[in-house]
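Numbering (our numbering), first residue to last: 138 to 394. Just so it is clear, CB atoms sit at the ideal spot from N, CA and C, and this is done for glycine as well. From a predicted model like this one, the values you see are computed outputs, not experimental measurements. Let me begin by presenting the structure, written as structure tokens, before commenting on it.
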């Protein structure tokens, strides 16, 4: 697979541990003491990582890792995670620079793979970044998922991405996944696709449908209130722990640090 001249491996990364932690919407700026919505994003993310370090789980960061798109903000991210003892996967959000993230993903502990195999499961890491704050998933990316379905017979599948497919009932729905029909159709027709976890909404919730579940991961920075206009609240840094059991059971827990 290739996007904008930067190669992304189509290989599958195998990991024997069924649990991991999702971190999202870090909104790092160019310096550790910079402010965003009344908090210092660097300090919030630093606290999350400090609290998780003894456990050292595999990490999936689902977008908006930077607020200002700066090279310095990505350098801070690299610095914070340089000695992380488990793999770290990065997904772009609407605030991110895709090429910068893909280049960072070539340097340990970051990984470039977009498929992660756990016992009994595959986790697919979807790039939903578009040219606006809303999500985009064009036909060629959808075709890749169709091929991955063929390649991954007899395993449960779960998606991680930045943008949400189903509305959450607040202002952020104006910036959801705009071309969601193909993704929703795939989730509804394929029973092995168990659901998706996303960032973007800065809000912890779960929405269970008969066919799949959609789970919003709270932000490591600030949370968005469920209001028609944009309002933020500092609830302390947050994240989500996931457990993908080999027997097909799926568990998650919203974390607060």
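C-beta contact flag for residue i and residue j at 9 Å
i: residue 260; j: residue 308; result: no
i: residue 158; j: residue 195; result: yes
i: residue 233; j: residue 272; result: no
Cβ shell of residue i (< 8 Å), same chain only, five flanking positions each side left out
i: residue 352; result: 332, 333, 334, 335, 342, 343, 344, 377 and 389
i: residue 148; result: 250 and 252
i: residue 141; result: Here the model assigns residue 141 a pLDDT of 40, short of 50, so the residue's position is not dependable and the matter cannot be decided.
Residue i - partner residues in DSSP beta bridges
i: residue 296; result: 261 and 333
i: residue 419; result: In this structure the chain extends from 138 to 394, so residue 419 is not present and cannot be described.
i: residue 311; result: None; residue 311 has no bridge partner.
i: residue 156; result: 380
i: residue 225; result: 196 and 247
i: residue 353; result: 335 and 342
i: residue 151; result: 254
Neighbourhood of residue i by C-beta distance below 7 Å, restricted to the same chain and skipping five residues each side
i: residue 406; result: The shown model of the chain, from 138 to 394, leaves out residue 406, and the question about it has no answer.
i: residue 338; result: 301, 305, 309, 353 and 361
i: residue 143; result: Reliability of the predicted coordinates at residue 143 is poor, the pLDDT of 36 falling under 50, and no value is obtained from them.
i: residue 188; result: 394
i: residue 348; result: 324 and 325
Interface flag, residue i vs chain B, CB-CB below 9 Å
i: residue 182; result: Within the model displayed, chain B is absent; a lone protein chain is all it includes.
Inter-residue CB distance, residue i and residue j (contact presumed, cutoff 8 Å)
i: residue 395; j: residue 238; result: Only positions 138 to 394 of the chain appear in this structure, which leaves residue 395 out of reach.
i: residue 217; j: residue 182; result: 6 Å
i: residue 359; j: residue 369; result: 4 Å
i: residue 297; j: residue 197; result: 5 Å
i: residue 319; j: residue 279; result: 5 Å
i: residue 329; j: residue 363; result: Not confirmed; about 32 Å, so no contact.
Proximity test, residue i beta-carbon vs the ligand GTP heavy atom, cut-off 8 Å
i: residue 168; result: Summarising the ligand content, the structure contains no ligands, and the ligand GTP is consequently not present.
Self-check item: Sufficient close CB pairs (3 or more, under 8 Å) joining the stretch 218-226 to the stretch 312-327
Solution: Short answer: they don't touch.
Self-check item: Cβ pair count under 8 Å reaching 3, the stretch 243-258 against the stretch 267-274
Solution: Using a Cβ-Cβ distance cut-off of 8 Å, the stretch 243-258 and the stretch 267-274 are not in contact, since fewer than three pairs of beta carbons, one from each stretch, lie closer than that value.
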